[in-house]
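Novice:
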Amino acid sequence: MPGLDSPVLLFGIGFVAFAYSMVGHGGASGYLALLAILAVPPRPSAVLALVLNLVVASVALTLFQRARHLDWKLVAPFLIGSVPLAFVGGLIKPSGHVHEWVLAAVLAYAGAVMLVAPPRSERAPAQPGPGLAIAVGCVIGLVSGFVGVGGGIFLSPLLILAGWADAKKAAAAAAVLIVLNSAAGLLARGSMTFASIEAFWPALAVGVVGATLGSWLGSHRLPPLALRRCLGVVLLVAVVKIIVT
Numbered sequence: 127m128p129g130l131d132s133p134v135l136l137f138g139i140g141f142v143a144f145a146y147s148m149v150g151h152g153g154a155s156g157y158l159a160l161l162a163i164l165a166v167p168p169r170p171s172a173v174l175a176l177v178l179n180l181v182v183a184s185v186a187l188t189l190f191q192r193a194r195h196l197d198w199k200l201v202a203p204f205l206i207g208s209v210p211l212a213f214v215g216g217l218i219k220p221s222g223h224v225h226e227w228v229l230a231a232v233l234a235y236a237g238a239v240m241l242v243a244p245p246r247s248e249r250a251p252a253q254p255g256p257g258l259a260i261a262v263g264c265v266i267g268l269v270s271g272f273v274g275v276g277g278g279i280f281l282s283p284l285l286i287l288a289g290w291a292d293a294k295k296a297a298a299a300a301a302v303l304i305v306l307n308s309a310a311g312l313l314a315r316g317s318m319t320f321a322s323i324e325a326f327w328p329a330l331a332v333g334v335v336g337a338t339l340g341s342w343l344g345s346h347r348l349p350p351l352a353l354r355r356c357l358g359v360v361l362l363v364a365v366v367k368i369i370v371t
């Protein structure tokens, strides 16, 4: 698999893990952007992104949960809809350039989210009805499994913008969703996942270090805005590369 031992890639993975874990994310969209820039094929890229996503989000979840930001009542309906559909999405074998175009759309969305700071609401968060949450989870899961991301990049901005959770609870909810969706997506990819794990260990080690630092800082109220904007630029560069090539 090309480029996995590249110092540039390893540095980028560490940076993405650090910055994304500050807001409870695993960083799959960032890893996919880096791998697209380095011309790693889409299917192996999706597996590596999901493995890193699972590891980094697990670290973030542990630290955000210890800080008591996790609200199971909020996140459970989203998980009911999302996790099964993430497995289904992982089973889909895209034809032609469908995967690349969907990936470009996801990265463009992620880049925009990273560049724009979510507004802070003065009202207390009000949780969505279970039916709506399950339906939203289904859509997030299907797209996430198909592209090879955990779905946190969709869930946490939605929770904040809809007024369903504050930033810390949104980060913890995203971490849970990412862990379970990433696991479902990896199971759907089967043998490719387990055959590739050995080649991933340097990236995983760097990811754990970045995630530990980032999620610790994130759970202690360090503003991540500057790092989010840097990541947004990287994601949009990757979108341009996908469209051009």
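Residue numbers (the working numbering): 127 to 371.
Ideal Cβ positions, reconstructed from N, Cα and C, are used throughout, including at glycine.
A quick note: this is a predicted structure, and the numbers were derived from the prediction, not measured.
1) Candidates PRO203, ALA172, VAL181 and ALA193: which alpha carbon is nearest LYS107's?
2) Is DSSP giving PRO254 helix, strand or coil here?
3) When the Cα atoms are used, what is the spatial distance from LEU187 to LYS295?
4) Classify ALA238 as buried or exposed, calling it buried when 16 or more other Cβ atoms lie within 10 Å of its own Cβ.
5) Using a Cβ distance threshold of 8 Å, determine whether the region 129-145 contacts the region 323-338, with at least three qualifying pairs required.
6) Excluding the 5 residues flanking LEU330 on each side, which residues of the same chain have their C-beta closer than 6 Å to its C-beta?
7) Excluding five sequence neighbours on each side, which residues of the same chain lie with their C-beta closer than 7 Å to the C-beta of ALA230?
8) To the nearest angstrom, report how far apart LEU189 and LEU217 are at their CA atoms.
9) State yes or no: is the C-beta of PHE204 within less than 8 Å of the C-beta of LEU268?
10) Cβ atoms of GLY150 and GLY300: under 8 Å apart, would you say?
11) Round the Cβ separation of ILE139 and LEU160 to the nearest angstrom and send it over; I've been treating them as touching at under 8 Å.
12) For VAL209, which residues of its own chain have a beta-carbon under 7 Å away from its beta-carbon, when the five flanking residues on both sides are left out?
13) Classify PRO133 as buried or exposed, calling it buried when 16 or more other Cβ atoms lie within 10 Å of its own Cβ.
14) So which of LEU211, SER270 and GLY289 has the shortest CA-CA distance to TYR235?
15) Kindly indicate which three-state DSSP category LYS199 falls into: helix, strand or coil?
Specialist: A quick look at the data gives this:
1) Residue 107 falls outside the range modelled here, since the chain spans only 127 to 371, and no answer is possible.
2) DSSP places PRO254 in coil when its eight states are reduced to three.
3) When rounded, the distance between both Cα atoms is 11 Å.
4) Around the CB of ALA238, fewer than 16 other CB atoms lie within 10 Å, so the residue is classed as exposed.
5) Under the three-pair Cβ rule at 8 Å, the region 129-145 counts as touching the region 323-338.
6) The answer, listed in chain order, is VAL181.
7) The residues are VAL365, ILE368 and ILE369.
8) Annotation: LEU189 to LEU217 spans about 32 Å, alpha carbon to alpha carbon.
9) Not in contact: PHE204 and LEU268 (Cβ atoms no closer than 8 Å).
10) One point to set straight first is that residue 300 is Ala, not Gly, in the sequence displayed. The answer is yes: Cβ separation under 8 Å.
11) Contact annotation, ILE139 with LEU160: C-beta distance approximately 7 Å; criterion of less than 8 Å satisfied.
12) If the five residues before and after VAL209 are omitted, its C-beta is found closer than 7 Å to the C-beta atoms of GLY267, LEU306, ASN307 and ALA310, all from its own chain and listed in chain order.
13) Exposed is the call here.
14) Nearest of LEU211, SER270 and GLY289 to TYR235, Cα basis: SER270.
15) Looking at LYS199 - three-state DSSP - the assignment turns out to be helix.
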